[in-house]
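Report on the structure given below.
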Amino acid sequence: MIQARVLIRPKEGILDAQGKAVEGALPALGFSGIEHVRIGRIVELEADSTDQLEELCEKLLANPLIEDYEIETVSG
Amino acid sequence: MKWGVLQFPGSCDERDALNACQIAATALGSEGGSGSLPRLVWHEETDLSDVDGIVVPGGFSYGDYLRAGAIARFSPAMTAVAEFAAAGGPVLGICNGFQVLCESGLLPGALLTNEKTRFICRQGELIVGEAQSPFLSGYEAGQRISIPFKHQSGRFFAPADLLEEIESNNQVAFRYAPGQNPNGSLNDIAGVTNEAGNVIGLMPHPEHAVEAFAGSTDGLALFQGPAIAATGAVA
Chain A
289 MIQARVLIRP KEGILDAQGK AVEGALPALG FSGIEHVRIG RIVELEADST DQLEELCEKL
349 LANPLIEDYE IETVSG
Chain B
314 MKWGVLQFPG SCDERDALNA CQIAATALGS EGGSGSLPRL VWHEETDLSD VDGIVVPGGF
374 SYGDYLRAGA IARFSPAMTA VAEFAAAGGP VLGICNGFQV LCESGLLPGA LLTNEKTRFI
434 CRQGELIVGE AQSPFLSGYE AGQRISIPFK HQSGRFFAPA DLLEEIESNN QVAFRYAPGQ
494 NPNGSLNDIA GVTNEAGNVI GLMPHPEHAV EAFAGSTDGL ALFQGPAIAA TGAVA
């Protein structure tokens, strides 16, 4: 089995409300000098081959209108 | 006209939608016995031949894991709804249903987490858009209506070229009234139609505004729209 990791992030230029909320909380927690916080997600999976991963990302794991993705093959 | 209301695991507004469909039919005098009573359509069903219109209701289909509406899109019932829509059948998506229709590609755009990340639950006002849709035949373009806003991922987004297309094709069904955009939606868009106009989706909840006790009945016309368009009946 191939181990793959898909990194999904909000497209550049789209307001990331979660990232903004985290960023807004930082000063109150004593963190300074940190900005442009953006939150995405990682999907780890195992697959027989990498053939379908691109399609899987386009159709399900990411919404190409609002998200970019990168597929990393960990081993295999 | 007989409505089918989809029910996914995690739907929660399907009973109100069913009620709205029933009241709409009764108000138009087209209830016509049990044969035209609206019914729930379980997400595993694929035969929609007995219904004339579909509502994809609000809630949290399949837990809204991954993204709101992303998994519901692959349900057997949604494959049937896509065929139904392609044949010109009227399809209404409300809240999570709007998200599902966008994820399915039946409607343009996407719904993102509200600008302020908060869950919004309050009465608000919409302006009816210029879109040509049977669902809007009970309204006048520019009419101001009052219905509940109730969502956390309702920020309408489309890339610039798609947004331009939506606007120039007159596919905006509803906008938040000036100063009432609750979530950062682009161009104050609260609801859109497909190009043909037979598929419509909106974030606010017309099914919660069909009886006087709820404070507004402005949502009722949306459920009456397709029957009005088909028969020329007056709301």
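Going line by line, the protein sequences match chains A and B.
In terms of the numbering used here, the first sequence is residues 289 to 364.
In terms of the numbering used here, the second sequence is residues 314 to 548.
All C-beta atoms, glycine included, are put in the ideal place defined by N, C-alpha and C.
Problem - Per-residue contacts from Glu416 (chain B) into chain A (C-beta, under 9 Å) - result: Asn351
Practice task
Could you tell me how far apart the beta carbons of Asp531 (chain B) and Ile458 (chain B) are, in whole angstroms, since I believe they sit closer than 8 Å?
Solution key: Between Asp531 (chain B) and Ile458 (chain B) the beta-carbon gap is near 4 Å, inside 8 Å, which marks them as a contact.
Problem - Complete alpha helix (DSSP H) runs within the segment 381-462 of chain B (minimum length 4 residues, chain order) - result: 389-399, 409-416
Problem - The beta strand (DSSP E) enclosing Gln493 (chain B), as first and last residue numbers - result: Premise fails: Gln493 (chain B) is in no beta strand (DSSP E) and is neither H nor E.
Practice task
Check the DSSP bridge columns for Val294 (chain A) and list the partner residues they point to.
Solution key: A:Val331, A:Ile359
Practice task
Under 7 Å between beta-carbons, which chain B residues line up against Gln306 (chain A)? List them in chain order, please.
Solution key: Thr426, Thr430
Problem - Residue ranges of each alpha helix (DSSP H) within the segment 490-537 of chain B, 4 or longer - result: none
Practice task
Would you give the residue range spanned by the alpha helix (DSSP H) that Gln335 (chain B) belongs to?
Solution key: 327-340
Practice task
Give me the Cβ distance between Gly553 (chain B) and Leu439 (chain B), rounded to the nearest whole Å; I'm assuming they're in contact under 8 Å.
Solution key: Since the first and last residues shown for chain B are 314 and 548, residue 553 (chain B) lies out of range.
Exercise for the section: Name the residue from B:Ser446, B:Thr339, B:Glu357, B:Phe462 whose alpha carbon lies nearest to the alpha carbon of Pro351 (chain B). Expected result: Ranking B:Ser446, B:Thr339, B:Glu357, B:Phe462 by CA distance to the CA of Pro351 (chain B) puts B:Thr339 first.
Problem - Beta-carbon proximity list for Ile365 (chain A), same chain, < 8 Å, skipping 5 on both sides - result: Absent from the model: residue 365 (chain A). The displayed extent of chain A is 289 to 364, so no value can be given.
Practice task
Examine chain B for any beta-carbon lying closer than 7 Å to the beta-carbon of Ile354 (chain A), and answer yes or no.
Solution key: yes
Exercise for the section: Using a Cβ cut-off of 7 Å (strictly closer), state whether Ala423 (chain B) contacts chain C. Expected result: In the structure shown, chain C cannot be found, because the protein chains are A and B.
Handout entry: Contacts of Arg380 (chain B) in chain A (Cβ-Cβ under 7 Å)
Key = Within 7 Å of the CB of Arg380 (chain B), the CB atoms of chain A belong to Asn351, in sequence order along the chain.
Handout entry: Residues near Cys325 (chain B) in its chain [Cβ-Cβ closer than 6 Å; skip 5 each side]
Key = Cβ within range, chain order: Gly372.
Handout entry: Meets three-Cβ-pair contact criterion under 8 Å: the segment 350-367 of chain B and the segment 470-482 of chain B
Key = no
Problem - Span separating the alpha-carbon of Ala486 (chain B) from that of Glu443 (chain B) - result: 7 Å
Practice task
Could you please give the first and the last residue of the uninterrupted alpha helix (DSSP H) stretch that includes Gly367 (chain B)?
Solution key: The sequence shown places Ile at residue 367 (chain B), not Gly. Run containing Ile367 (chain B): none in the alpha helix (DSSP H); it sits in the beta strand (DSSP E), 366-369.
Problem - According to DSSP, residues forming a beta bridge with Phe470 (chain B) - result: Per DSSP, B:Ala423.
Handout entry: Residues near Thr506 (chain B) by beta carbon distance below 6 Å, same chain, minus five either side
Key = Ala444, Ser446, Gln484, Ala486, Ile513
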